[in-house]
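In our numbering, the protein residues as written are 1278 to 1371.
The structure appears right after this line, and notes come after that.
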Amino acid sequence: MAAGGGEGTRVGGCEVISATSWDPRHPMAAIVDGDAKTYWVSTGLFPQEVVLRLPGKASLTRLHIVGTSMRHIKVERSDGAGPTGWQPYLECGT
C-alpha cells in the first residue's frame, strides 16, 4: 500500500495513514477534509484501501462515501496501536 507523499495526512484529528493510490492533484487529505469540492482519486486496480487513524477510541455514527462503480464496501477496525488485528465492522454490496 502506497502512502501519498510518504507521510500521513491529518485533518481535524483524523489521520490518513495510507491509501492504495495517490495523485498529487487529489491528495489523501481530501478523504477527510469535509469539502465536497475535493476528493481522493483511485488510480489503481481494485480493491482500493484507505487506512485512517482516529485520535482515540470513537464510535462511528456516520460514514459518507461518494464514488462511482463501487460494488462492495467493507469497513474494518483495529483497536491496536498500529494497523494490525483488523476486525469486521460494516460490509455492504455484492
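All residues carry an ideal CB built from backbone N, CA and C; glycine is no exception.
Item: Provide the residue(s) that pair with Q1364 in DSSP beta bridges, ordered along the chain.; Value: R1354
Item: Output the distance between the C-alpha atoms of G1282 and T1371, rounded to the nearest integer angstrom.; Value: Legend: pLDDT at G1282 = 44, less than 50; position of this residue unreliable, no value from coordinates given.
Item: Quick one: give me the first and last residue of the beta strand (DSSP E) that L1329 is part of.; Value: 1327-1330
Item: Would V1318 pass as a contact of M1305 if the rule is Cβ separation under 8 angstroms?; Value: no
Item: Inspect the beta-carbon positions of A1307 and V1327 and report whether they are closer than 8 angstroms.; Value: no
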